[in-house]
Amino acid sequence: MSHDVKYNAKKSAVMIFRSATLKGCSIPEFKLKGVTLHVVATHKYLGNYISDDLSDDDDINRQRRTLYVQGNIVLQKFIMCSLEVKLTLFRSYCSPMYGVHLWWNYKKSTLNRLHIAYHNILKLFIGMSKYESTSLLCTLFDVQCCQSVIRNMVYRFMCRLDSSVNCILNDILTSSLRFTSRIRKHWNKLLYMNT
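Start counting the sequence shown at 163; every next residue gets the next number (this note's numbering).
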């Protein structure tokens, strides 16, 4: 059966998600159009990093690097602008974080490094020392702190998910998975528990 889908063996890779009991097992060789595919531990797909241990650390590090790059580029181009303009640019270019609502399996230290990057860039925009109090600066200049940005994005994603008219999503949301899934538990912990 032909589906008119053309596969590129050079761009294809194999990722194997194994349980702890299968970590030592050998992996068979996979081929596509006669080309042996590489087995990878991490792969970038649609802008997000996916790893074979289901950890989100690589994707959080991608976001941290993106923050530093975007923040520094915008700051270099608009260094002579007023503080109000810089804060508007910060909210536009540094606050949106792609895929943040999908993170649930990560090391606390990795997320802390993201928070530090966000707040360091904010302080660069404001022209303050990186040792100044972050919460005070966020309050004074009406900018969300990194934790608030993440919670806000998670909340908005949950609202979109819960109000979806997609029949597949509705079946999942009306099942027990809504209350037992690890990602939903993580979202609830982020939103409703003091962390």
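Glycine included, each C-beta is placed from N, C-alpha and C at the ideal position.
Range covered by the beta strand (DSSP E) that runs through residue i
i: Ile212; result: 210-213
Which residues DSSP lists as bridging residue i, in chain order
i: Val176; result: Val201
i: Arg255; result: As written in the sequence, residue 255 is Tyr, which differs from the Arg given in the question. BP columns for Tyr255 are empty, so no partner.
i: Leu194; result: Val197
i: Lys206; result: Tyr211
Limits of the alpha helix (DSSP H) - the one that residue i falls within
i: His263; result: Note, His263: premise wrong, no alpha helix (DSSP H); not H, not E.
i: Leu184; result: Note, Leu184: premise wrong, no alpha helix (DSSP H); not H, not E.
i: Phe287; result: 270-288
i: His348; result: 344-354
i: Leu216; result: Note, Leu216: premise wrong, no alpha helix (DSSP H); not H, not E.
i: Thr296; result: 296-302
i: Asp166; result: Looking at the DSSP string, Asp166 is not in any alpha helix (DSSP H), and its letter there is neither H nor E.
Residue environment, residue i, which counts as buried when at least 16 other CB atoms sit within 10 Å
i: Lys239; result: exposed
i: Val231; result: exposed
i: Cys256; result: buried
i: Leu237; result: buried
i: Lys248; result: buried
i: Leu276; result: buried
i: Val311; result: buried
i: Val197; result: exposed
i: Gly289; result: exposed
Minimum C-alpha distance to residue i - residue among the options
i: Leu273; options: Lys206, Asp218, Lys173; result: Asp218
i: Ser174; options: His200, Ser337, Leu339, Asp221; result: His200
i: Lys168; options: Phe319, Leu194, Ser337, Ser271; result: Leu194
i: His348; options: Ala203, Met177, Pro190, Trp266; result: Trp266
Legend entry - Stretch-stretch touch, CB-based, cutoff 8 Å, three pairs: the segment 256-269 with the segment 218-226: Below 8 Å, enough C-beta pairs join the segment 256-269 and the segment 218-226 to call them touching: three or more.
Inset, instruction - May I ask you to verify whether the segment 305-313 touches the segment 278-289, counting CB pairs closer than 8 Å and requiring at least 3? - result: Short answer: they touch.
Legend entry - Segment contact flag, the segment 232-252 with the segment 211-220, C-beta cutoff 8 Å, min 3 pairs: By the Cβ test, the segment 232-252 is not in contact with the segment 211-220, since fewer than three Cβ pairs between them sit closer than 8 Å.
Legend entry - the segment 289-299 touching the segment 316-325, judged by at least three CB pairs closer than 8 Å: Cβ pair count under 8 Å is below three, so no.
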